[in-house]
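*Asks:* Going by UniProt numbering, the sequence shown opens with residue 1, and the numbers climb by one from there. Please read through the structure below; I'll follow up with questions.
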Amino acid sequence: MSAEKKIPPEMFDPKCNMTPEMTAKLYDNWSGAVAKALGGSDRGKARVLDVGAGTGACGEEVRRSGFLMWGRGRSVRGRSEKVRVLDVGAGTGACGEELAKLGFTNIDAVDGSQGMLSQAEGKHIYNRLICAFVGPNRLDIEADTYDAIACSAVFAPNHLKEDCLPELIRVAKPASVSPAGGYIIITLREEYLYIVEDYINKLEPAMARLQDEGLWERVSRDVFKMYEVEDKDGITFVFKVL
1 MSAEKKIPPE
11 MFDPKCNMTP
21 EMTAKLYDNW
31 SGAVAKALGG
41 SDRGKARVLD
51 VGAGTGACGE
61 EVRRSGFLMW
71 GRGRSVRGRS
81 EKVRVLDVGA
91 GTGACGEELA
101 KLGFTNIDAV
111 DGSQGMLSQA
121 EGKHIYNRLI
131 CAFVGPNRLD
141 IEADTYDAIA
151 CSAVFAPNHL
161 KEDCLPELIR
171 VAKPASVSPA
181 GGYIIITLRE
191 EYLYIVEDYI
201 NKLEPAMARL
211 QDEGLWERVS
221 RDVFKMYEVE
231 DKDGITFVFK
241 VL
């Protein structure tokens, strides 16, 4: 049976209105199967499974997101290993693996599913594994910690909402701490902006409101083809924390 057939159908169903605890339980029960199914897959391709940051479109979107250009650019002069990164919704660690391939080795992971994090731990790519829901709640992370925050396919039905954005900003380094500023990179299916109730007239307005409040500024908003499946477009937002 393929990993796609093993995906609990309610996990990404916009009509299910699941709580974070319900979603985490599904991931806990499913974590071993997905890790085994993805063991030999090529996650650097755009055609991949739609199963969150831990198991989803990582290689392609990391390259599209500007991580490579930023990490090797003037801000860190090519010293990617010195950049501290938070992988949000890290899952089994697929996005972290792609970041490591690009030279980013100082990476922490946060995810609401301990089962998924247990799979990620065995890959030895994360310095710290944090089991917590990412939302308006305060994470067990000091303010101004990360140079970059990666949100890879975690803005999806029954996953993150716009109310987590202030907390992501809090744990990113602002320009007052780091001249380069901290960056938050968010990639999701473009259609989710228009079909997911939690995002319709909510996610992008929240992003704009935080910019109006002087907390971050949008660097780019890029739509690209073949995200997760061939007939779906993706969208990547890059924000610089001020």
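Ideal Cβ placement from N, Cα and C applies to all residues, glycine included.
Quick check on the DSSP output: the beta strand (DSSP E) that includes Asp222 runs from which residue to which?
*Replies:* Translated into positions along the sequence shown, residue 222 becomes position 222. Run containing Asp222: Trp216 to Phe224, per the beta strand (DSSP E) assignment.
*Asks:* Going by beta carbon distance, what residues of the same chain come within less than 7 Å of Ser65, once the five residues before and after it are set aside?
*Replies:* The residue given as residue 65 occupies position 65 in the sequence shown. Reliability fails at Ser65, whose pLDDT of 48 lies under 50, so the model's placement of it is uncertain and no value is given.
*Asks:* Which of the three DSSP states is assigned to Thr187 in this structure?
*Replies:* Taking the sequence shown and counting its residues from 1, the one referred to as residue 187 is at position 187. Three-state DSSP puts Thr187 in a strand.
*Asks:* Any chance you could list the alpha helix (DSSP H) runs of at least 4 consecutive residues sitting entirely within the segment 90-115, in chain order?
*Replies:* As far as the segment 90-115 is concerned, its whole alpha helix (DSSP H) runs of at least 4 residues are 94-101.
*Asks:* What residue range is occupied by the uninterrupted alpha helix (DSSP H) comprising Arg170?
*Replies:* Position 170 of the sequence shown holds residue 170. Arg170 -> alpha helix (DSSP H) spans Leu165 to Val171.
*Asks:* Thr236 bridges to which residues according to DSSP?
*Replies:* As a working mapping, residue 236 is identified with position 236 in the sequence shown. Thr236 pairs with Thr187 and Asp222.
*Asks:* What number of angstroms, rounded off, separates the C-alpha of Arg218 from the C-alpha of Ile195?
*Replies:* Here the question's residue 218 lines up with position 218 in the sequence shown. Here the question's residue 195 lines up with position 195 in the sequence shown. For Arg218 and Ile195, the distance between alpha carbons rounds to 23 Å.
*Asks:* Give me the residue from Pro20, Arg84, Pro136 and Val134 with the minimum Cα distance to Asp108.
*Replies:* Counting from 1 along the sequence shown, the entry for residue 108 is found at position 108. Minimum Cα distance to Asp108 is reached at Arg84.
*Asks:* Tell me whether Gly122 is buried or exposed, calling it buried when 16 or more other Cβ atoms sit within 10 Å of its Cβ.
*Replies:* As a position in the sequence shown, residue 122 is number 122, starting the count at 1. Gly122 comes out exposed.
*Asks:* Only counting the same chain, and skipping five residues up and downstream in sequence, which positions put a Cβ closer than 6 Å to that of Thr145?
*Replies:* To locate residue 145, count along the sequence shown from 1; it is residue 145. Around Thr145: Val171.
*Asks:* Could you please give me the residues that DSSP links to Val241 through a beta bridge?
*Replies:* Within the sequence shown, numbered from 1, the residue matching residue 241 stands at position 241. Paired residues: Gly182 and Trp216.
*Asks:* Just to confirm the assignment, what range does the beta strand (DSSP E) spanning Ile130 have?
*Replies:* If you number the sequence shown from 1, residue 130 lands on position 130. Looking at the DSSP string, the run of the beta strand (DSSP E) that includes Ile130 is Arg128 to Cys131.
*Asks:* Check for me: the beta strand (DSSP E) holding Leu86 runs from which residue to which?
*Replies:* Here residue 86 refers to the residue found at position 86 when the sequence shown is read from its first residue. Here the beta strand (DSSP E) through Leu86 covers Arg84 to Val88.
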